[in-house]
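Contents: one structure, followed by commentary.
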Amino acid sequence: MPKPVVPEEKRRRRRPTKSGTVLSEQLIVDTALRMLREHGSAGLTARRLGLALDADPSTLYRYFRGMDDLTLAIGDALIGQALRGWVPTGEWRADLRAVGLRIHAAYTEHPQAAVLTASRVSGRAHELAADEAVLDILRTAGFPVPDAVRVYHAFVDTTLAFAALDAASLALPGAALRADEEMWRSTYARLPAATHPRIAEAAPLLATRMLTSAYPTALDMLLDSAGAQLEGVRD
Numbered sequence: 000m001p002k003p004v005v006p007e008e009k010r011r012r013r014r015p016t017k018s019g020t021v022l023s024e025q026l027i028v029d030t031a032l033r034m035l036r037e038h039g040s041a042g043l044t045a046r047r048l049g050l051a052l053d054a055d056p057s058t059l060y061r062y063f064r065g066m067d068d069l070t071l072a073i074g075d076a077l078i079g080q081a082l083r084g085w086v087p088t089g090e091w092r093a094d095l096r097a098v099g100l101r102i103h104a105a106y107t108e109h110p111q112a113a114v115l116t117a118s119r120v121s122g123r124a125h126e127l128a129a130d131e132a133v134l135d136i137l138r139t140a141g142f143p144v145p146d147a148v149r150v151y152h153a154f155v156d157t158t159l160a161f162a163a164l165d166a167a168s169l170a171l172p173g174a175a176l177r178a179d180e181e182m183w184r185s186t187y188a189r190l191p192a193a194t195h196p197r198i199a200e201a202a203p204l205l206a207t208r209m210l211t212s213a214y215p216t217a218l219d220m221l222l223d224s225a226g227a228q229l230e231g232v233r234d
């Protein structure tokens, strides 16, 4: 059975580690993010995390119920990073676009962590705050509850899906990523119009656009659709 999580106030009274570090949930999450960035998900274990923190691995279970609970906390930390400093303007489209771009940027800044967490639902504070903010933007704009939920669903899944896709590319070894990017120039750009006319005519644009994320475009298309729907409700 998982060990009970010790209340925060008791954790703060614990003695420092041998190196003088006072453990906290935030410190553990930050260290885990660094380890994911340096070693990937395979390198994040309780033993290695304990070594990095100069603490017995069993100490981690005073803060988290297990490594999966830590994974959820990492995902929530990325959302918290995205929301930090964001202030709504009251213009629903601009606000929703800003939130989406912030979340996507936070995940792609930590690609290994994004691959690990983008599909998860933590129910933690930052995730709840983001969900509340998105739904409030939509309801304040005038979307009825069923429409607000539908747009919210599409918005969240589109944002996280692109975050996971783009992060997976960024998490590739450098040689593999460069090979994928070069494929648009070495193969697609050289296809003859006689056999692949549509690819041939689009090749110069494909060679540049396909190296960037399609998320901003997809987000704008989603917001255009939502805006048209809102106009219909108002009419």
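For the sequence shown, numbering that gives the first Met the number 0 assigns the number 0 to the initial residue and increments by one for each residue that follows. Think of the CB as a built atom: it goes at the ideal place given N, C-alpha and C, for glycine as much as any other residue. Note that the coordinates shown come from a computational prediction; the quantities given were computed from them, not determined experimentally.
Can you tell which of the options has its C-alpha closest to the C-alpha of residue i?
{"i": "Glu314", "options": "Ser57, Leu50, Tyr62", "result": "The shown model of the chain, from 0 to 234, leaves out residue 314, and the question about it has no answer."}
{"i": "Ala236", "options": "Thr216, Glu181, Asp223", "result": "This structure cannot speak to residue 236, because the chain is shown only from 0 to 234."}
{"i": "Trp183", "options": "Phe154, Ser212, Arg208, His109", "result": "Arg208"}
{"i": "Thr139", "options": "Gly173, Thr88, Gln111, Ala170", "result": "Thr88"}
{"i": "Leu222", "options": "Thr158, Asp75, Thr194", "result": "Thr158"}
{"i": "Ala129", "options": "Thr20, His152, Ala175", "result": "His152"}
{"i": "Asp156", "options": "Pro172, Ala178, Leu171, Ala217", "result": "Ala217"}
{"i": "Thr44", "options": "Asp68, Ala105, Val21", "result": "Asp68"}
{"i": "His38", "options": "Ala178, Leu171, Gly122", "result": "Leu171"}
{"i": "Asp179", "options": "Leu204, Leu77, Leu210, Ala76", "result": "Leu210"}
For the putative contact between residue i and residue j, defined by C-beta atoms under 8 Å, what is the C-beta separation to the nearest angstrom?
{"i": "Ala72", "j": "Leu48", "result": "With 8 Å as the limit, Ala72 and Leu48 do not qualify as a contact, their Cβ atoms being about 12 Å apart."}
{"i": "Val114", "j": "Ala163", "result": "6 Å"}
{"i": "Phe161", "j": "Tyr214", "result": "4 Å"}
{"i": "Pro191", "j": "Ala199", "result": "7 Å"}
{"i": "Ile27", "j": "Leu77", "result": "So it is not a contact: roughly 15 Å between Cβ atoms."}
When burial is assigned at 16 or more other CB atoms within 10 Å of the CB, is residue i buried or exposed?
{"i": "Pro145", "result": "exposed"}
{"i": "Arg12", "result": "The predicted position of Arg12 is uncertain, since its pLDDT is 40 and thus under 50; no value can be drawn from it."}
{"i": "Trp236", "result": "Outside the shown range of the chain, which is 0 to 234, sits residue 236, and nothing can be said about it."}
{"i": "Asp94", "result": "buried"}
{"i": "Val86", "result": "exposed"}
{"i": "His98", "result": "Per the sequence shown, the amino acid found at residue 98 is Val instead of His. So Val98 ends up on the buried side."}
{"i": "Leu176", "result": "exposed"}
{"i": "Val21", "result": "exposed"}
{"i": "Thr70", "result": "buried"}
{"i": "Gly74", "result": "buried"}
{"i": "Ala105", "result": "buried"}
Check whether the Cβ atoms of residue i and residue j lie closer than 9 Å to each other.
{"i": "Ala51", "j": "Met34", "result": "yes"}
{"i": "Ala124", "j": "Gly79", "result": "yes"}
{"i": "Phe127", "j": "Arg101", "result": "In the sequence on display, residue 127 carries Leu and not Phe. No, the Cβ-Cβ distance between Leu127 and Arg101 is not below 9 Å."}
{"i": "Gln111", "j": "Ser40", "result": "yes"}
{"i": "Arg36", "j": "His103", "result": "no"}
{"i": "Thr107", "j": "Leu204", "result": "no"}
{"i": "Gly228", "j": "Val150", "result": "Looking at the sequence shown, residue 228 is not Gly but Gln. It is a contact, given that the beta carbons lie within the stated cut-off."}
{"i": "Arg64", "j": "Asp219", "result": "no"}
Could you tell me whether any Cβ in chain C is nearer than 9 Å to the Cβ of residue i?
{"i": "Thr88", "result": "Chain labels in this structure do not include chain C; a single protein chain is all it has."}
Checklist entry - Are three or more beta carbon pairs between the stretch 223-234 and the stretch 135-152 nearer than 8 Å? => result yes
Item to check | Contact the stretch 50-70 vs the stretch 130-139: 3+ CB pairs below 8 Å | outcome: no
Checklist entry - Is there contact here, the stretch 146-165 with the stretch 185-204, by at least three beta-carbon pairs under 8 Å? => result no
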